Ligand SMILES: [Zn+2]
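In this note's numbering, the protein residues as written are 827 to 1127.
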């Protein structure tokens, strides 16, 4: 994204370091992320969107060769360099590969330590640090390529997953549940009243206890009734109280608690199948500790 941007490579380094120091990493199977096939990306995005991102990358390469800038601005917060397109394809490819592995029974669940994040990426538009909607692509892939009938998407990032909503609103094969700080970014994002969405806006300074109550009263009854065959998580950790990107008050124990509730639903209805994809989380210490807490629950550690 350019120097000083919060969506930086150090986010993944911080997670890797924490998994190493805590010993959690020793218990995990690791897989490299393949490039997502474009045909699978287009399960959630228009062909125009894919062509536009590829074209921007090619244009950037030409500009750099001519001595121009190294980044192309997508919006005030979001920029591409010549590696962004491949990185986005690998992020989506990780979610797809994890979906394949979980549905093949090779593992019960998977966490995708990926960037760029995805949940602001709309069907036709990159925005908010996001280019391809990793979770929406994987959810559609599970439906279209593996023949599942019902999947759930759980989004606990501090920001509204407007891109995911844009892609899945009205698609009754998907139930999306989320909470997000409101009013907040992205104000211009889609807001749908579609019946397959349980998106709960909460005010700044909402703490974990209030979020847990909303999960109990709003998410869990809908998830239980829906009986998803697989659950995808947009795992953003920027609702952490130490994360200045948002103004919410969650802590590691809240992420562990939410993950446990999701896991219980998955064990009851989905053979435990969960694919969790990293979204936001910009305070490196809080991000690393929260991911550790999330993975400890997923992996029974
Ligand atoms: Zn976020």
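From the three backbone atoms N, C-alpha and C, an ideal C-beta is built for every residue, glycine too. From a predicted model like this one, the values you see are computed outputs, not experimental measurements.
Does the beta-carbon of residue i have 16 or more other beta-carbons within 10 angstroms, so that it is buried, or is it exposed?
i            : result
residue 836  : exposed
residue 894  : exposed
residue 902  : exposed
residue 1097 : exposed
residue 945  : buried
residue 943  : buried
residue 859  : buried
Quick check: what's the CA-CA separation for residue i versus residue j?
i            : j            : result
residue 882  : residue 965  : 27 Å
residue 993  : residue 920  : 19 Å
residue 864  : residue 969  : 17 Å
residue 914  : residue 956  : 8 Å
residue 797  : residue 1029 : Only positions 827 to 1127 of the chain appear in the structure, and residue 797 is not among them; the question remains open.
residue 1087 : residue 848  : 23 Å
residue 998  : residue 1022 : 6 Å
Hey, would you say the C-beta of residue i is under 6 Å away from at least one heavy atom of ligand 1?
i            : result
residue 983  : yes
residue 1064 : yes
residue 1106 : yes
Locate the beta strand (DSSP E) running through residue i, then write down its first and last residues.
i            : result
residue 950  : Note, residue 950: premise wrong, no beta strand (DSSP E); not H, not E.
residue 867  : Here residue 867 belongs to no beta strand (DSSP E); instead the alpha helix (DSSP H) covers 864-867.
residue 854  : Careful: residue 854 lies outside any beta strand (DSSP E) and carries neither H nor E.
residue 1025 : 1023-1028
residue 901  : 898-901
How would you write the range of the alpha helix (DSSP H) that residue i sits in, first residue to last?
i            : result
residue 874  : 873-891
residue 1126 : First-last for residue 1126: undefined, no H or E at that position.
residue 840  : 836-848
Please go through the stretch 1036-1113 and give each complete alpha helix (DSSP H) segment of 4 or more residues, from N-terminal end onward.
-> 1046-1052 and 1078-1095
Quick one: which unbroken alpha helix (DSSP H) runs of 4-plus residues sit fully inside the stretch 926-1002? Chain order, please.
-> 960-972 and 988-994
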